[in-house]
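First up is the structure itself, then whatever we jot down about it.
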Amino acid sequence: MKRPLAVSVVGLLLAAAGIAAAQQDLAAYVSGDRRSGFTFLAPETRALQTDEFRNPGMLWVEEGERLWSVAPPGGQSCAGCHKDAAVSMKGVAASYPAYDEEQKHVINLEQQINQCRGRQKQPALAWESRELLALTAYVGRQSLGMPVAVKIDGPAAQSFARGKEEYEMRRGQLDLSCAACHESQVGAKLRAEVISQGQMNGFPIYRQLWQTMGSSHRMIAWCNEAVRAETYPAGSQEYVDLELYAKWRGRGLPVETPAVRR
Ligand code: HEC
Ligand code: HEC
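This is the structure in structure tokens:
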């Protein structure tokens, strides 16, 4: 009887160490009272995200890396102007959406990339197109682990204030605001989903429900539909403002691009 007892004690100790290690791992995905959607996932899904060989979103990152160096006819490649993305794009995604001097309003990362498509003398890439998701994921990946820090003052202040208003506005047949779920119902279940804080630190995300990658604006539209509200088009200023506010709510959380979500 002695041996099994010793084995089970060791087993318990190992299990305790495993739990402690898992909790320590999760601590990196928490900042103050902010918790990444990562901390709401099942351990298998978390493991899928953190293993870069298994993370399905890495296919888009790799495609983005390839596109980075492709010079379109009559234009320069991204690399032609920005050189090594690991240097020039480091920290960029952590600070978007951001006020843009040319457009005189706040824009998000996809819109910034499309602004540069213009510099390449190329038409804008469509929302949710493979290319735009790939370039956004590749640029985002260069900020992996860096804390989210968007500017909300100065010329971004108006956009931030509108985003906060949008976030708190009740909408749809269910008459629910974003806050009604992502602040008041955190941890509750909505059909098969556990409601998280609705953080924005992992976009674009690979969503298992969609079986593909999706932008932050696709996610907001999905949430609008969940309460049977009207959606705005991707790239609308309403969504950019909401994105800025939601990103600020997650200040200090690490960039996780490409996050894997249910
Ligand atoms: C002809 C030169 C040129 C090319 C080609 C170019 N860019 Fe840019 N890019 C710029 C300039 C200039 C800026 C800064 C002004 C601005 O914000 O638009 C910039 C800014 C950016 C930023 C924001 C950086 C920051 O610190 O806020 C991102 C992201 C970006 N480019 C991505 C890309 C991607 C992706 C491509 C390829 C699809 C690309 N760029 C192609 C010139 C270029
Ligand atoms: C009826 C409840 C509900 C409402 C209202 C709602 N959402 Fe969500 N939201 C969800 C659910 C469920 C998910 C998927 C599970 C999760 O990550 O919370 C989700 C996911 C998200 C995510 C992805 C989080 C991550 O970790 O990747 C973001 C961002 C988000 N919502 C933003 C919003 C915004 C902005 C609004 C308001 C326009 C909103 N949500 C309104 C239920 C809601």
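Its first residue numbered 29, the sequence shown is counted upward by one per residue in the working numbering.
Heads up, the beta-carbon is just placed ideally off N, CA and C, and yes, glycines get one too.
Predicted, not measured: the structure shown is a model, and the values here were computed from it.
- Neighbourhood of ligand 2, defined by CB distance below 6 Å to any of its heavy atoms: Gly65, Leu204, Cys206, Ala208, Cys209, His210, Leu218, Glu221, Ile223, Ser224, Gly226, Gln227, Met228, Gly230, Ile233, Met247, Ile248, Cys251, Asn252, Ala254, Val255, Leu270, Ala274, Ala287, Arg289, in chain order.
- Less than 8 Å divides the Cβ of Asn229 from the Cβ of Ser64.
- Within the same chain, Cβ atoms closer than 8 Å to the Cβ of Ser205 are found at Tyr195, Glu196, Met197, Arg198, Arg199, the five residues on either side in sequence being excluded.
- Glu130 has its Cβ nearer than 7 Å to a heavy atom of ligand 1.
- In the three-state scheme derived from DSSP, where H, G and I count as helix and E and B as strand, Val98 is classed as coil.
- Segment contact: the region 154 to 171 against the region 241 to 250, three or more CB-CB distances shorter than 8 Å; contact assigned.
- Taking a C-beta distance under 8 Å as the contact criterion, Tyr267 and His245 qualify as a contact pair.
- No Cβ-Cβ contact shorter than 8 Å links Gly102 with Pro286.
- By the Cβ neighbour-count rule, Lys192 is buried, with 16 or more other Cβ atoms within 10 Å of its own.
- Distance from the CA of Pro261 to the CA of Met117, rounded to the nearest whole angstrom, comes to 27 Å.
- Of Leu76, Pro71, Lys149, the smallest CA-CA separation from Cys106 is found for Lys149.
- Contact between Gln143 and Glu130 holds, with the beta-carbon distance rounding to 7 Å and staying under 8 Å.
- Taking 7 Å as the cut-off, the C-beta of His133 does not count as close to any heavy atom of ligand 1.
- The Cβ atoms of Gln227 and Arg74 lie no closer than 8 Å to each other.
- Per DSSP, Ile223 lies in no beta strand (DSSP E) and is assigned neither H nor E.
- In this structure, Asn136 sits away from Glu284, with a CB-CB distance that is not shorter than 8 Å.
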